[in-house]
Amino acid sequence: MGETIFALASAPGRAGVAVVRVSGPLAGRCVKSLTKRDIPAPRQAVLRPLYDSCGYEIDRGMVLWFAAPHSVTGEDVAEFQVHGGRAIIEALAAELGALPGCRQAEAGEFTRRGVLNGKLDLTQAEAVADLVAADTEAQRRQALRQYDGALGALYERWRADLMKTLAWAEAAIDFSDEELPEGMLAEARRAADDIRKAIAAHLDDARRGELVREGLFLTVIGPPNAGKSSLVNALAGRDVAIVSETAGTTRDVIEVRLDLGGYAVILADTAGLRLADEAVEAEGVRRALARAEAADLVLLLLDGSHTNSADYLRDNMVNKPLLTVWNKADLPWPSQREGLTLSLKTGEGLEAVIAAIAAKAKERLQSSGDAPMLTRPRHRQALAEAADALERAAAAHEPELFAEDLRLALRAIGRITGRVDVEDLLDVIFRDFCIGK
Ligand SMILES: Nc1nc2c(ncn2[C@@H]2O[C@H](COP(=O)(O)OP(=O)(O)OP(=O)(O)O)[C@@H](O)[C@H]2O)c(=O)[nH]1
Ligand SMILES: [Mg+2]
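Per this note's numbering, the very first residue in the sequence shown carries number 185; after that it's consecutive.
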């Protein structure tokens with residue numbers, strides 16, 4: 185039995201309510217010691233005064249009891265919901281910390297214990313972190329889906345299929361042809377290839393899940409003075425970039441994180457694009473183009489009142505999907521303009537620009553089917569490793585080599601969910617394995 189851990193589960197600082205969570209074998213002792221009463225019935229909120237070791241009342245609050253294994257960590261868990269004042273939280277922590285065998289939890293330790301006790305797989309544990317960090321609707325939805333186990337279930341299915349395939353291959357090695365059903369090895373090879381194809385299709389996702397999690401890079405480019413910084417400020421709802429009538433005001437790339445239509449977007453303001461003779465401005469132009477090149481989405485902002493607004497751009501066009509917007513609609517324009525029109529001075533057209541960006545983000549990030557999305561480079565790396573191993577397996581003539589590559593693929597996928605006890609599971613499968621008679 186491990187140590188008992190405790191921590192403030194709600195955000196630090198002053199709040200209406202604070203939640204202190206305790207997990208481990210001594211959780212029951214903690215409840216008794218703080219309430220001077222017996223442990224309440226599991227999963228029922230009870231209101232109790234909480235006392236320090238000298239018998240003075242610290243606060244009164246709700247006490248919740250979850251008996252092992254029916255808790256988030258799989259251990260005995262107690263939760264104290266108290267008034268969210270610093271002194272209360274500190275007094276509680278002092279009392280809990282004074283009990284021998286009880287200590288402050290480390291970051292992520294509750295979830296970690298949940299994984300170790302089989303309450304969650306690793307993809308679900310990652311989803312807990314993503315749920316807590318979710319700023320936008322798309323992030324929240326994706327994290328919740330992963331927390332529900334959709335991604336883990338997909339990987340576990342592949343792992344189970346691979347396990348079965350490996351068992352066939354092992355049988356083909358261990359037993360003679362007469363003892364085995366005909367074509368078993370060929371069947372195993374076909375199954376392995378089907379899994380390889382499924383993994384390859386899953387990997388070929390244009391990084392949608394990762395982009396939802398990390399945010400989509402949107403870069404605003406355009407000639408000097410078009411109103412790029414004004415647009416970035418309008419979208420951010422605050423003055424992040426300097427706006428002035430001097431062309432060439434912005435030099436550095438300025439970044440803001442936004443929620444646009446439910447998607448996380450990292451918006452970048454850049455230097456106006458033109459042939460600059462001054463060194464600092466030229467460096468700004470270089471950075472602007474590099475940033476546009478690396479972006480997921482580029483918004484080209486042009487000044488509609490200007491005759492040759494896009495001259496420099498025509499020769500230095502970035503090779504990206506562009507959203508073209510014409511600004512300064514409040515001024516007289518020499519000609520009719522194709523695309524979205526906007527006046528940042530009056531605000532006219534801004535809603536339509538926001539909607540257009542959100543639509544582009546959606547187009548880029550929304551998945552076509554309803555298969556769960558790969559959300560982390562860690563998953564991608566392990567799956568690529570598994571796909572490589574399966575490709576080698578397909579080319580391996582010797583059944584021994586074929587089996588060894590399947591084993592490597594299995595291990596790579598097992599690393600994603602945290603289940604790597606391949607040998608143990610193989611034993612189980614082999615025990616029930618019926619050699620065709
Ligand atoms: N009339 C009018 N003026 C605008 C509009 N939008 C921006 N401006 C003005 O245009 C000038 C340039 O705006 P900025 O936002 O600094 O332009 P920029 O594209 O960031 O310019 P650089 O950083 O120099 O490349 C400022 O004086 C703004 O007030 C608009 O819709 N109408
Ligand atoms: Mg600017």
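Just so you know, even glycine gets a beta-carbon here, dropped at the ideal spot from N, CA and C. Keep in mind that this is a model prediction, so the values were computed, not measured.
- Collapsing the DSSP output to three states places Cys-238 in coil.
- If you look at Gln-323, you'll find it in the alpha helix (DSSP H) that goes 321 to 331.
- Secondary structure remark: continuous alpha helix (DSSP H) runs of at least 4 residues inside the stretch 213 to 286, in chain order: 270 to 282.
- Here Asp-388 is exposed. Its C-beta has fewer than 16 other C-beta atoms within 10 Å.
- For the pair Asp-319 and Ala-448, the CB atoms are nearer than the 8 Å cut-off.
- Nearest to Glu-279 by alpha-carbon distance, out of Val-206, Ala-225, Ala-466 and Thr-530, is Val-206.
- At the C-beta level, Glu-340 and Thr-601 come within 8 Å of one another.
- Annotation note: the stretch 362 to 418 contains the following uninterrupted beta strand (DSSP E) runs of length 3 or greater, listed N- to C-terminal: 400 to 405.
- His-254 and Arg-227 have their C-alpha atoms spaced approximately 10 Å apart.
- Gly-421 is not a Cβ neighbour of Leu-486, given a cutoff of 8 Å.
- A straight line joining the alpha-carbon of Ala-577 with that of Leu-594 spans about 12 Å.
- Among the bridge pairs identified by DSSP, Tyr-447 is matched with Leu-444.
- With 16 or more other CB atoms across the displayed protein chains lying within 10 angstroms of its CB, Phe-586 is buried.
- Secondary structure note for Gly-200: its beta strand (DSSP E) is the uninterrupted segment 199 to 207.
- Cα atoms of Asp-554 and Gln-308: separation of roughly 18 Å, rounded to the nearest angstrom.
- A Cβ-Cβ contact shorter than 8 Å links Arg-471 with Thr-454.
- Taking C-beta atoms as the reference points, Ala-513 and Ser-527 count as a pair closer than 8 Å.
- Ala-385 sits exposed, since fewer than 16 C-beta atoms from the chains shown fall within 10 Å of its C-beta.
- Under the three-state reduction of DSSP output, Ala-580 falls in the coil class, being neither helix nor strand.
- The beta carbon of Thr-525 lies closer than 7 Å to those of Gly-488, Trp-510, Ala-513 and Gly-533 in the same chain, with the five residues before and after it left out.
- In this structure, ligand 1 has a non-hydrogen atom nearer than 7 Å to the beta-carbon of Thr-434.
- Contact check for Val-261 against Leu-276 fails: the beta carbons are separated by 8 Å or more.
- Around Thr-530, the same chain offers Asp-514 as residues with beta carbons nearer than 6 Å, after the five sequence neighbours per side are excluded.
- Boundaries of the beta strand (DSSP E) harbouring Phe-190: 188 to 192, taken from the DSSP string.
- Around the beta-carbon of Arg-591, 16 or more other beta-carbon atoms lie within 10 Å, marking it buried.
- In the displayed model, Ala-452 falls within a strand according to three-state DSSP.
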